[in-house]
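Asks: So the sequence shown is numbered by the numbering used here: it starts at 11 and just counts up by one.
By construction, the Cβ of each residue, glycine as well, lies at the ideal position given by its N, Cα and C atoms.
In this text the structure is predicted, and so the values were computed from the model without any measurement.
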Amino acid sequence: MTSVEEHQKNIKQFLDDINEKIRAGLLLDRQKIIAFSASEAAANLLEYYLHKKQLVQAGFRVNHRYFTSERKAESYFSFPFSKKQEIIKLLIKQEEYRDILCYGKEKEIKKVQEAIDNLTKLKQLIIEELGEEI
């Protein structure tokens, strides 16, 4: 069972990993790792948010595969929560970036940066909704 504190730790580790790649100038060379970390960070951000808002019970898990489509996401998150459509949209986009960057040939650096920017938008939205840093 993942606690709120564990989600915070996981989020920090994934974001630190991405930031290390940015500082080292490895966006292009490590795009698959960045895409994986961004996707996992996004899933943990949603879990953290839902737990903090007490919308799910302890043990509830978010899988990145829930966001392969809007219909699929809605089937897992049929309950209401603030900014739901915007959050779901960002998570679906993050899953798209994961697929684009993790599979097939190397993509241009612009796509890697877009994946990071999307994650940053999601993080900022959740921070605003919770009224606290993560």
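If distances are taken between C-alpha atoms only, which option among Tyr58, Asp26, His61 comes closest to Lys44?
Replies: It should be pointed out that residue 44 corresponds to Ile in this sequence rather than to Lys. The shortest Cα separation from Ile44 among Tyr58, Asp26, His61 belongs to Asp26.
Asks: When the Cα of Ile215 is compared with those of Lys19, Phe46, Asp39, Thr130, which residue comes out closest?
Replies: Shown here, the chain extends from 11 to 144; a query on residue 215 therefore has no answer.
Asks: Return helix, strand or coil for Ile144, following the three-state DSSP convention.
Replies: Ile144: coil per DSSP, three-state reduction.
Asks: Do Ile144 and Ile137 have their beta-carbon atoms positioned less than 8 angstroms apart in this structure?
Replies: Result yes, Cβ atoms of Ile137 and Ile144 sit closer than 8 angstroms.
Asks: Could you tell me the alpha carbon to alpha carbon distance between Lys63 and Leu55, rounded to whole angstroms?
Replies: Answer to the nearest angstrom: the Cα atoms are 12 angstroms apart.
Asks: With burial defined as no fewer than 16 other Cβ atoms inside 10 Å of the residue's Cβ, what is the status of Ser79: buried or exposed?
Replies: Its Cβ having fewer than 16 others within 10 Å, Ser79 is exposed.
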